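Contents: one structure, followed by commentary.
Here you go:
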């Protein structure tokens, strides 16, 4: 068995792994990048990109269906899933080829195809990854193995699927029950409703998107009711039984739902089982790999990034983690990546976008008398009226201090999360934001209007 040596060995070629490889290469480090599937990982092939392609097709379907209210004569003749999947695959393939080209043209990166396993660690730092009977030793090792769909113990197969199978479907189900009302659940609910399915969401917690600010949860529920997307919150399922003809979902309150398909969308768990982490001395907690704020594990020279690390499961978090660790290894002393400053977008219709802490979190952290909020209704925003969307922008600030949270809901508002991220991460005061000119008519104006209101000088809203 031969052993090759590198400055850095990366186990996993998803958002965190490939970002670390590219940045390390720029910094002159030699890299072995191990990936058993396709570079790009879940985000590119089974997550962010294909789901958003489906959501865009869904938006086009809604535009055709509702064209008359905009004075346009069009007809909606149905959804061709073969065509939808071809569009989705075209987007993924173009991005995949681009990523392959980036990696291939980067000096010092060796891509190792195959299923890797952490074989051992070195007390002096780093460790050895084994792939296909070959050993790759790194002075530093990054664990970037990502995540897999959770199933709540349900047997996946037939009419019971996860998001992986949902992305490969060649027809639209007539009736579907979605177990889980957080990001994955509401996004697929939005797609399938636009495609013509009858959708019911089952969420065990009290609201849809329960991790978001309560104001957004309430508005999303109102919008889903208007779209005739059914949902049951605060109730869990007791059994899911499938037959040749359909699926029966039984709930703890005694209700039963007959459906054609069940999507299990209760989040994702870390992919660490069978990877050799614990045998090599890495601390593992219920599958997760805990790290310090600098993403170092308990073993010197071994780091973990992305979905493997407890916290937000977002591709851009993993991407930022990868860049951070590469710079850390190179001795650049980068600033840590903090979850509180990471922007979040849920791409259902209407979209949800947020960054920073929610109002309840702010009140718990700062005290009730130290929190000020304002909610700007999109009814006063010209571009939102043109797009025929309802929604709001909510700002949460520390009294006499900076804005600590921005929470938005409405068609296309995910595109405004960039400025929201700058506001929170640069600890801007409402007066700072209010003085900037926001182009008219744009939805971006809603952030300026909300800041004006929070600064005590509302124009199109009331303080």
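Residue numbers (the numbering used here): 700 to 1162. Glycine is no exception: its CB is placed at the ideal position from the N, C-alpha and C atoms. Please read these numbers as outputs of a predicted model, since none were measured by experiment.
Distance between residue j and residue i (C-alpha atoms, nearest Å)
i	j	result
residue 1068	residue 950	41 angstroms
residue 1099	residue 1065	12 angstroms
residue 1108	residue 1028	39 angstroms
residue 1085	residue 1078	10 angstroms
residue 909	residue 1129	27 angstroms
residue 977	residue 1035	26 angstroms
residue 1161	residue 1063	In this predicted model, residue 1161 has a pLDDT of only 48, less than 50, meaning its place in the structure is not dependable enough to derive any value.
residue 740	residue 968	15 angstroms
residue 906	residue 868	28 angstroms
residue 756	residue 783	7 angstroms
residue 1017	residue 964	21 angstroms
residue 1081	residue 1141	7 angstroms
residue 745	residue 846	11 angstroms
residue 1041	residue 1139	27 angstroms
residue 715	residue 1125	24 angstroms
residue 805	residue 945	51 angstroms
residue 707	residue 791	28 angstroms
residue 817	residue 877	36 angstroms
residue 743	residue 722	19 angstroms
residue 991	residue 781	46 angstroms
residue 1051	residue 1113	6 angstroms
residue 1045	residue 1059	20 angstroms
residue 761	residue 747	21 angstroms
residue 973	residue 853	21 angstroms
Which listed residue (the options) has its alpha carbon closest to that of residue i
i	options	result
residue 705	801, 1099, 827	827
residue 767	1030, 1087, 778	1087
residue 1121	1071, 1139, 1053	1053
residue 930	971, 910, 888, 942	888
residue 1166	778, 771, 1123, 802	A query on residue 1166 cannot be resolved here, the shown segment of the chain reaching from 700 to 1162 and no further.
residue 891	871, 904, 882, 779	871
residue 879	784, 932, 969	932
residue 1089	915, 1022, 953	915
residue 901	885, 893, 1013	885
residue 773	764, 1076, 796	764
residue 1061	1119, 1104, 1001, 761	1104
residue 697	941, 980, 1091, 1008	The shown model of the chain, from 700 to 1162, leaves out residue 697, and the question about it has no answer.
residue 1095	724, 1119, 732, 996	1119
residue 736	1112, 921, 814	814
residue 1038	1010, 1026, 1123	1010
residue 899	958, 1091, 952, 701	958
Contact check, residue i vs residue j, beta carbons under 8 angstroms
i	j	result
residue 798	residue 738	yes
residue 1135	residue 1147	yes
residue 897	residue 924	no
residue 966	residue 1043	no
residue 1073	residue 1133	no
residue 912	residue 1057	yes
residue 955	residue 947	yes
residue 734	residue 812	yes
residue 1003	residue 994	yes
residue 841	residue 709	yes
residue 729	residue 831	no
residue 960	residue 858	yes
residue 758	residue 1048	yes
residue 962	residue 843	no
residue 1001	residue 861	no
residue 1093	residue 824	no
residue 1022	residue 718	yes
residue 918	residue 1091	yes
residue 702	residue 834	yes
residue 1025	residue 726	yes
Under the three-state DSSP convention, the category residue i falls into
i	result
residue 1134	coil
residue 937	strand
residue 709	strand
residue 775	coil
residue 1156	coil
residue 1143	coil
residue 805	coil
residue 1080	coil
residue 1107	strand
residue 872	coil
residue 944	coil
residue 745	helix
residue 784	helix
residue 850	coil
Buried or exposed by the 16-neighbour rule on C-beta atoms within 10 Å, applied to residue i
i	result
residue 1150	buried
residue 1158	exposed
residue 788	exposed
residue 822	exposed
residue 785	exposed
residue 856	exposed
Proximity test, residue i beta-carbon vs the ligand MN heavy atom, cut-off 7 angstroms
i	result
residue 1127	This structure lacks the ligand MN, and indeed carries no ligand of any kind.
Interface flag, residue i vs chain C, CB-CB below 8 angstroms
i	result
residue 753	Here chain C cannot be found, since the structure has a single protein chain.
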